[in-house]
Each structure stands twice: as structure tokens, then as C-alpha cells.
Amino acid sequence: MNITKLSWSYLKAKPLNTLLNVILFTLGIAIIVVLLLFSKQLENKLNQNTKGIDLVVGAKGSPLQIILCSIFHIDFPTGNILLQEAEQLTKNRQVKSVIPLALGDSYGGYRIVGTSRDYPALYQMELELGSWWTKDMEVTLGYNVAKQLGLEIGAEFEGQHGLTDDGHSHGEILYKVVGSLKRSGSVMDNLIFTNVQSVWAVHEHENEHEELHSHSEGDTTNAIASRVIPNLQLHEEDSLKEITSLLIKYRSPMGAIQLPRYINGNTNMQAASPAFEAARLFSLIGVGVEVIQGFAYIIIFIAMLSIFIALYNSLKERKYDLAIMRSMGATKTKLFISVILEGIWITLLGSLFGTLLGHLTIEGINILVPTTSETGITGRIFLEEELLLLVAGLLVGLIAAVIPAIQVFRTDISGILAKG
Amino acid sequence: MISIKDLIYQYNSETRISFPDWQLDTRGQALILGKSGCGKTTLLHLLGGLLQPSSGSVFIDDQDLTKLTGSELDHFRGQHIGFVFQKPHLIKALNVQENLFLAQHLAGIPKDKERVLEVLKTLDLLEKRKSKVYELSEGQAQRASIARAVLNKPALILADEPTSSLDDENCARVIEILLDQAKSQGAALVIATHDQRLKNQVQSSLNL
Numbered sequence: 001m002n003i004t005k006l007s008w009s010y011l012k013a014k015p016l017n018t019l020l021n022v023i024l025f026t027l028g029i030a031i032i033v034v035l036l037l038f039s040k041q042l043e044n045k046l047n048q049n050t051k052g053i054d055l056v057v058g059a060k061g062s063p064l065q066i067i068l069c070s071i072f073h074i075d076f077p078t079g080n081i082l083l084q085e086a087e088q089l090t091k092n093r094q095v096k097s098v099i100p101l102a103l104g105d106s107y108g109g110y111r112i113v114g115t116s117r118d119y120p121a122l123y124q125m126e127l128e129l130g131s132w133w134t135k136d137m138e139v140t141l142g143y144n145v146a147k148q149l150g151l152e153i154g155a156e157f158e159g160q161h162g163l164t165d166d167g168h169s170h171g172e173i174l175y176k177v178v179g180s181l182k183r184s185g186s187v188m189d190n191l192i193f194t195n196v197q198s199v200w201a202v203h204e205h206e207n208e209h210e211e212l213h214s215h216s217e218g219d220t221t222n223a224i225a226s227r228v229i230p231n232l233q234l235h236e237e238d239s240l241k242e243i244t245s246l247l248i249k250y251r252s253p254m255g256a257i258q259l260p261r262y263i264n265g266n267t268n269m270q271a272a273s274p275a276f277e278a279a280r281l282f283s284l285i286g287v288g289v290e291v292i293q294g295f296a297y298i299i300i301f302i303a304m305l306s307i308f309i310a311l312y313n314s315l316k317e318r319k320y321d322l323a324i325m326r327s328m329g330a331t332k333t334k335l336f337i338s339v340i341l342e343g344i345w346i347t348l349l350g351s352l353f354g355t356l357l358g359h360l361t362i363e364g365i366n367i368l369v370p371t372t373s374e375t376g377i378t379g380r381i382f383l384e385e386e387l388l389l390l391v392a393g394l395l396v397g398l399i400a401a402v403i404p405a406i407q408v409f410r411t412d413i414s415g416i417l418a419k420g
Numbered sequence: 001m002i003s004i005k006d007l008i009y010q011y012n013s014e015t016r017i018s019f020p021d022w023q024l025d026t027r028g029q030a031l032i033l034g035k036s037g038c039g040k041t042t043l044l045h046l047l048g049g050l051l052q053p054s055s056g057s058v059f060i061d062d063q064d065l066t067k068l069t070g071s072e073l074d075h076f077r078g079q080h081i082g083f084v085f086q087k088p089h090l091i092k093a094l095n096v097q098e099n100l101f102l103a104q105h106l107a108g109i110p111k112d113k114e115r116v117l118e119v120l121k122t123l124d125l126l127e128k129r130k131s132k133v134y135e136l137s138e139g140q141a142q143r144a145s146i147a148r149a150v151l152n153k154p155a156l157i158l159a160d161e162p163t164s165s166l167d168d169e170n171c172a173r174v175i176e177i178l179l180d181q182a183k184s185q186g187a188a189l190v191i192a193t194h195d196q197r198l199k200n201q202v203q204s205s206l207n208l
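Here the protein sequences come in this chain order: Y and F. According to UniProt numbering, the first sequence is numbered sequentially starting from 1. According to UniProt numbering, the second sequence is numbered sequentially starting from 1.
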């Protein structure tokens, strides 16, 4: 028997009170942990997914939509831009490098992205199996795509029109899997990569039924090399070719000032800054996060109050215990600590259960709502902030117990014992 | 063992009690008798260091209690003095043997289960060692509180009206156990009481 066990015994002697307080504290902590895991990871994902991209240029429309579509691959495109205009833009002095994106098709709910190798390189993607795409109609799969659809190297599939599962199949022209990528935790894991020409090929093949297409293969007389799409010779009749968007890296910070204004003012295209739009998005979510966080702090405050009241009342009933223990040789400090420990026991348990519950909640949401698991937010990581939360939790227990514990110093042992 | 001299306790500006000088030998047994309100409990608390006198001195085992500071006094009390009160006042959150383990811990004595079981056995409480406090009868609870008082082999046992709420049968039993335990543990015993039933049991007495 020591004071740690003693304080635990006192809590056990009032199981319902103790349970209520632990549950209250657990709830408060769990909500904070969920928000912490969610917002920290979301912030990381936002930053991770927008790094290396200074500007996205797409068709006129909502800049947030352009970012959501071209960076996070969750919204639909605002439309297409002419390759010709994109080519013009690359001649601008402020543009250091560009990456084309051609969207519109999907397979099994995962987007097929016609792009250049620079796109996965931007995210430092590495091959897990096979190779990168080289020829038309070859695809390299992101990690989740390969795992979820179970496609192996050499497998062939038809793309579906549209970005959702229910689009009609293109048929006839098949994509062929040549490789898959390692897990990155970024949006890359959910994409199917190919070159822009493949996306065009699928769509042109469809259009051939309607219009007579006269494409003169190998005619290089008036051809010029594309500055946007690698290994592409542009012919005059290619002037109507389209891509969805263009990811741009500035040559200097001056680009951030001049280029968006130039694009929005002088072209039919719309420029959107990933950093700015992501921050805007996060601040919108942030309001919700703050409201729920405030709610969690209220719960924790109520838990603290409840611990305080429970301890205060129970110490009133225990004044004989205190006096008797003093007569048995207990010092005031020892009894003071034992009361403080009662508060700390509750908040320690609450913090541990709350942290566990928070992580399980995130994992539970991932299981129940599969799309959230694709965002890469997981309950299996622990943040430094959670340690701080634990310390803060113990501090709350300490504060709740201090005033009741001070009664120990006020106890008039002789007076209490003389009464019977 | 006990020696008090010029002992005065001041309750407030109007009320003060002065106690006669008094000695008790090691292993001595004595009653403190008197009407209620005459300071029996106060003297007992002064002897046990629960109260500090306004003036005078209290020697227990050659130690002047008035010279000890707060926590020194707590330690001295834990190791040298055992208390028995009118009501058992066991810690209800603990079972019987845990109450005794707590007594060892608070006195700064290492946990000694054998000693606990030995004391429980002599007080016929061995079967009740894991019982909750509220499951005990009045007599059993008072015996448990005596077990707690003698557990650490104190030099002095102070009992405050230990029998006044008990019937004749229990009273006889409790006083017999107290005298018996004090003798076998080698402790001096002082009982503050107005219970006339005890007068025949203990020869020496201090009348206030």
C-alpha cells in the first residue's frame, strides 16, 4: 500500500463518479486528437501536393476548381485549353518549365493522366515494378491503383470516359500496364500515368466515326517540336489540339507578380496559384476545425469542473480519513500528493483512452468511408503534439485537484478526532 | 515513558486548561478520568502530538514533543504511538488488511505481510482480512482499529473512549484485548474515558 494505490482505491470506491469523469475527459481528448490528426495531415498533404508547382493554367472558370482538379485530382476540369496557346505561353520569359496535363478519362474510378515524366518526377516518385511509360498507350500505375485494381504488368484495360466509374467505355483502344510506383502518400498514388498522345489517341479514335480525319503520318515538312509535350512534332492541323491544364514553375519570384496577371488579362486561359488556393481552402476548413475544437475545450473544461466537484465533495466526507491518516504518521505533503494523484489518475486515463479513441476513430472512418482513405490520412501515426496534449491533460488533473487538496492543509486533526 | 510538566493548553482567549504534572512508566497502564469537557481528549491529543501545548512540556520516550516540527512530529507519531478512537474510523475505500498495510506505509515502515497476518490472527480477524470495512460488525471494526494501532509495535497506545459506544459484552472484550495487546507488544497504554466499567480493569488513573 502506498499513496498511489491509496488514491486509486479511493477512485475505485466511487466507480460511477470516476467512470463519468474519465468518459468526459476521454471524449474531450478524443475530439482534439481527431482534429489534430486530421488537420495536421491535411495541411501536410496540401503542402506536399502543391510543392514545386507555382502556377496552374487552365480554362476560364473557378481558380479553386482548377487547383482541385489539376493538383488534388478531386474536382472536374473547368474545360480545356488549346495546346497552341499553351505553347505560346512557354515562350514567356518568366516561365522556367511546364508540365502538361490531359484529363478526362478514368479506369475503375482512378484518373488517367496524360502528362510528361516531369510530373511524377516533381513528387520524387520511384518505380516499384516494371518501367515508366515510353510508347503511346503504355501506362504506369500509382500505388493505390495497382493495389486496389489488382492490375499486373502486361494487363490491358479500356479507359472510361469521364472521371467517375459510370462513364461509358472507349473500347477498341486498350491501355497496357508497363509498371507501377512506390507508395508516396500523395495524390500520385491514385493516378494512372500515360503520355498526352495516348489520351488524344483514345478520343480521336472515337471522333473518326464522325469526321473524316486526315492525319498525315511522318510528314515533317512544316513540323516544329512541341515545347509543352515531349517527343511531339506539331503540324498545322494540330492547332486545335487541346490539353486540360499546364503546371508552371517560375524562373524568378517576379513571375508570381507578372504571369498570373498577364494570363488572366491577355489570354483565354485562367491562372491559379496552388499555394494561395490551398491556403484559402485550408482556412475554410480551419473555421470548422476551430468550432469543433472550441467544443472539445468546453468538454474538457466541464470534465475538469466535474473532477473538481467530485474530489471536493469526497474530501468533505473523508475528513475523518485525513485526520486518522495524520494520526498514523502521514505528513500533510503526503496526503496532499495523494489527493492530487486522484485528479491526475482520471486525466491520465482520460488522455490515454482519448488518444486511443481518436486514432481508432480516424481508422474507423477510413474503413467506413473508403474515399477518405485515399486522401492518405491515417490514424496509425503519432504526432508530437499528442505528447503535449498528454502533459496538458495531466496538468488539467493537477489544477482540478489543487483546491480540494488544499483542504488537507486546513484539516484540524485534533478537532475532527475529538468529535468522535 | 510519559512525563508532563506545567502543561497548559489555551483553547481561546477565555478558556484554558492546566494539567497536573504526571508520569507513567514504560509498559505502564493508566486511565484518564473525568467529566466530559474537562480536557481528557485534549490531554490525549497533547500526548499524541496532535495538539501543541501553549506552554509546558510533554516527554514521550525521552523525546520532548514540543521541540518537534510538523513533519518530524508526524514521523514520531507514526513510529511510536498508536491511536484507538471511540469509533473505528477505518478507511472505507480499503479492505481490512489494506488498512493495516496503509498504517505500515504511513509510519514509514516497510510492508510486512507476516506481521499484518499475525496481528489479524491474534485479534481473530484473519478470515475478515479481505472484507470491506462496511461488512464488519461493530465489534469486528473496533478490533480492526486496535489491530491498526498495535501493528507497528508502538511504545505508547492512546485510546479515546474506546468502549463508550459498546455494550457490556463488547466492552469487556475490547478492554481485555487492549490490555492484552499492550502487554504483549510491550507498549504503555493510556485510556481516556468516563466509562465506569473500566475502573476495575486498570488500577492507575489520572483524575482531571
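Ideal placement from N, C-alpha and C gives every residue a C-beta, glycine not left out. Quantities reported herein were computed from a predicted structural model and do not represent experimental measurements.
task: Take Gly-37/F as the anchor and find which of Leu-100/F, Thr-26/F, Ile-17/F has the nearest alpha-carbon.
output: Ile-17/F
- request: Would you check if the region 89-101 of chain Y and the region 182-193 of chain Y touch, i.e. whether three or more CB-CB distances between them fall below 8 Å?
  value: no
message: Contact between the region 396-406 of chain Y and the region 307-315 of chain Y is defined here as three or more beta-carbon pairs at a separation below 8 Å; is this criterion met?
response: yes
message: Just to confirm my understanding: we take Arg-251/Y, look at its own chain, exclude 5 residues before and 5 after, and list those with CB closer than 8 Å. What are they?
response: Arg-93, Gln-94, Val-95, Lys-96
Per-residue contacts from Met-188/Y into chain F (C-beta, under 9 Å): Within chain F, no residue comes near Met-188/Y; the closest Cβ sits about 59 Å away, beyond 9 Å.
- request: Give the secondary structure of Glu-342/Y by DSSP, where H, G and I count as helix, E and B as strand, and everything else as coil.
  value: helix
message: Let me see if you follow: with CB-CB separation under 9 Å, is Thr-193/F close to chain Y or not?
response: no
message: I'd like to know whether the C-beta atoms of residue 210/F and Ile-8/F end up nearer to each other than 9 Å.
response: Given that chain F is displayed from residue 1 to residue 208, the structure contains no residue 210/F and the question cannot be resolved.
- prompt: For residue 425/Y, which residues from the same chain have a beta carbon less than 7 Å from its beta carbon, with the 5 sequence-adjacent residues on both sides left out?
  reply: An answer regarding residue 425/Y cannot be provided, because it is not within the stretch 1 to 420 covered by chain Y.
- request: Give a yes or no on whether the C-beta atoms belonging to Pro-253/Y and Ser-116/Y are separated by under 9 Å.
  value: no
query: Taking the beta strand (DSSP E) that Met-1/F falls in, what are its first and last residues?
result: First-last for Met-1/F: undefined, no H or E at that position.
message: Going by the DSSP bridge assignment, what does Gln-23/F pair with across the sheet?
response: Ser-3/F
Contact list for the region 10-21 of chain Y against chain F, Cβ threshold 9 Å: Tyr-10, Leu-11, Lys-12, Ala-13, Lys-14
query: chain F partners of Met-304/Y, CB-CB under 9 Å?
result: Under the 9 Å cutoff, chain F gives no residues; its nearest Cβ is about 23 Å from Met-304/Y.
- request: Could you tell me which of Gly-108/Y, Phe-353/Y, Leu-335/Y, Thr-26/Y sits nearest to Gly-159/Y, measuring between CA atoms?
  value: Gly-108/Y
field: Distance between beta carbons of Tyr-320/Y and His-45/F, contact taken as under 8 Å
entry: Not really, about 15 Å apart at Cβ, beyond 8 Å.
- prompt: Excluding the five sequence neighbours on either side, which residues of its own chain have a C-beta within less than 6 Å of the C-beta of Leu-191/Y, listed in chain order?
  reply: Arg-111, Val-113, Gly-142
- prompt: How would you call Arg-380/Y, buried or exposed, if buried means at least 16 neighbouring beta carbons within 10 angstroms?
  reply: exposed
Whether Leu-390/Y touches Thr-355/Y by CB criterion (9 Å): yes
message: Between the region 236-250 of chain Y and the region 25-37 of chain Y, can you find at least three pairs of beta-carbon atoms closer than 8 Å?
response: no
task: Could you check which residue in Pro-53/F, Gln-104/F, Gly-49/F has the C-alpha nearest to that of Asp-61/F?
output: Gly-49/F
message: Along the chain, where does the beta strand (DSSP E) containing Tyr-110/Y start, and where does it finish?
response: 110-114
message: Quick check on the DSSP output: the alpha helix (DSSP H) that includes Pro-274/Y runs from which residue to which?
response: 274-317
message: Can you pull the chain Y neighbours of Ser-71/F, defined as C-beta to C-beta under 8 Å?
response: Thr-331, Lys-332, Thr-333
- prompt: Going along the chain, which residues of its own chain have a beta-carbon closer than 7 Å to the beta-carbon of Leu-129/Y, five neighbours each way excluded?
  reply: Ile-153, Gly-179, Ser-180
query: Assuming Lys-166/F and Gln-142/F make a contact with CB atoms under 8 Å, what is their CB distance in whole Å?
result: Rather than Lys, the amino acid found at residue 166/F in this sequence is Leu. So it is a contact: roughly 7 Å between Cβ atoms.
- request: Measure from the alpha carbon of Ala-103/F to the alpha carbon of each residue in Gly-82/F, Asp-64/F, Leu-179/F, Ser-55/F, then state which is nearest.
  value: Gly-82/F
message: Distance cutoff 9 Å, beta carbons only. Does Ala-405/Y sit that close to anything in chain F?
response: no
query: So which residues of chain F does Ile-413/Y contact, with C-beta pairs closer than 9 Å?
result: His-45, Leu-50, Leu-51
- prompt: By how many angstroms is the C-alpha of Lys-87/F removed from the C-alpha of Pro-162/F?
  reply: 7 Å
- request: Pull up the CB-CB distance for Gly-104/Y and Gly-79/Y, whole angstroms please, since I reckon it's below 8 Å.
  value: Between Gly-79/Y and Gly-104/Y the Cβ distance is about 11 Å, and since that is not below 8 Å, they are no contact.
message: Quick check on Gly-56/F: does DSSP put it in helix, strand or coil?
response: strand
message: Between Ala-392/Y, Ser-106/Y, Val-57/Y, which has its C-alpha nearest Gly-265/Y's C-alpha?
response: Val-57/Y
- prompt: Any idea if Asp-6/F is buried or exposed, counting beta-carbon neighbours within 10 angstroms, 16 or more meaning buried?
  reply: exposed
- request: Specify whether the region 365-374 of chain Y and the region 282-294 of chain Y touch according to this definition: at least 3 beta carbon pairs, one from each stretch, less than 8 Å apart.
  value: no
message: Quick check: Ala-30/Y and Leu-357/Y, are their CB atoms within less than 9 Å of each other?
response: yes
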